[in-house]
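**Q** Residue numbers for the sequence shown, in mature numbering (1 follows the signal peptide of the UniProt record, and there is no 0): -19 to -1, 1 to 171. Built from N, CA and C at the ideal position, the CB exists for glycine as well. Here the structure is a predicted model, which means the values were calculated and not measured.
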Amino acid sequence: MKKWLIGVMTVLMAVSLAACTPTTEKQKKETTAAAAAKSQEDMVPPSTGGASDKVPDPNVMPVAVISIYHGGGGSLVQDMDSLDTEGLDAQLLVDKLIEYGVLTDGTEVLSFDIEGKDENAVGTLDLNQAESAEGCSDKMFLTEIGNTFTENFELSKLKLKVNGGNYEGDDIKQGDSDYLTYNADYESVE
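#1: Name the one or two DSSP bridge partners that Q59 has.
#2: Evaluate A165 with the Cβ neighbour count: other Cβ atoms within 10 Å of its Cβ, from every protein chain shown; 16 or more gives buried, anything less gives exposed.
#3: Assuming the contact rule is C-beta atoms closer than 8 Å, Q72 and V90 should be a hit. Round their C-beta distance to whole Å, please.
#4: Here's the rule I'm using: 16 or more other beta-carbon atoms within 10 Å means buried, otherwise exposed. How should C117 be labelled?
#5: With distance defined between alpha-carbon atoms, name the residue in V(-5), Y163, V75 nearest to T85.
#6: Would you decide whether M61 is buried or exposed? Buried here means 16 or more other CB atoms lie within 10 Å of its CB.
#7: So the candidates are D119, A(-1), I95; which of them puts its Cα closest to the Cα of S137?
#8: Identify whether E149 lies in helix, strand or coil by the three-state DSSP scheme.
#9: Less than 8 Å separating the beta-carbons of V83 and K120?
#10: Starting from the Cα of I49, find the closest Cα among M42, Y81, G150, Y160 and give me that residue.
#11: Quick one: residues in its chain with C-beta nearer than 7 Å to the C-beta of V58, no 5 flanking neighbours on either side, listed in chain order?
#12: Check for me: the beta strand (DSSP E) holding F93 runs from which residue to which?
#13: Buried or exposed for S113, please, with buried defined as at least 16 other CB atoms from any protein chain shown within 10 angstroms of its CB.
#14: What is the DSSP secondary structure of L73, reduced to helix, strand or coil?
#15: Which residues does DSSP pair with residue 172 in a beta bridge?
#16: Rounded to whole angstroms, what is the Cα-Cα separation between N128 and V36?
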């Protein structure tokens, strides 16, 4: 135990002597040069990394961020995408649905109207045709369109029409009082 204590005391003595030893002229010059370099760095204003440091590029076009619901691997998936415009447009959203394989080529918006505001907003989408490009069930097809439009346009419900009439698929024939609402359980729709 005494040998161990003597060893610890020797180490502590060596550390204290090293700390109290005066510095040489060479070390002082190196320290002065490092301080001069540090003062040069201090002249550059520091960046906070906040919003004030970030200036938007005026040459970049504004975009609208959208959600697209489409079939993927037997179930529905949600993908984020963008439109090359600042605001939402129903035809551009339909074009994205065509791009993702939800609607067939040539699908056009005949009219799109929104009545009401906020949580009472009801949309009416009239298309020239409404056919699934994926060949999925009517339920999945209507959920893809319903979720995409209700989420992006913040609608409480959506009325889908085809050439002014109610939607009629293979299994589902909508009546005048049938609307599409957001289906939160979209991943389980087959």
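**A** With the structure as the only source:
#1: Y50
#2: So A165 counts as exposed.
#3: 5 Å
#4: buried
#5: V75
#6: exposed
#7: I95
#8: strand
#9: no
#10: With distances taken between Cα atoms, I49 lies closest to Y81.
#11: H51
#12: Run containing F93: 90 to 96, per the beta strand (DSSP E) assignment.
#13: It is buried - the Cβ of S113 has at least 16 other Cβ atoms within 10 Å.
#14: Here L73 sits in helix by DSSP.
#15: Outside the shown range of the chain, which is -19 to 171, sits residue 172, and nothing can be said about it.
#16: 35 Å
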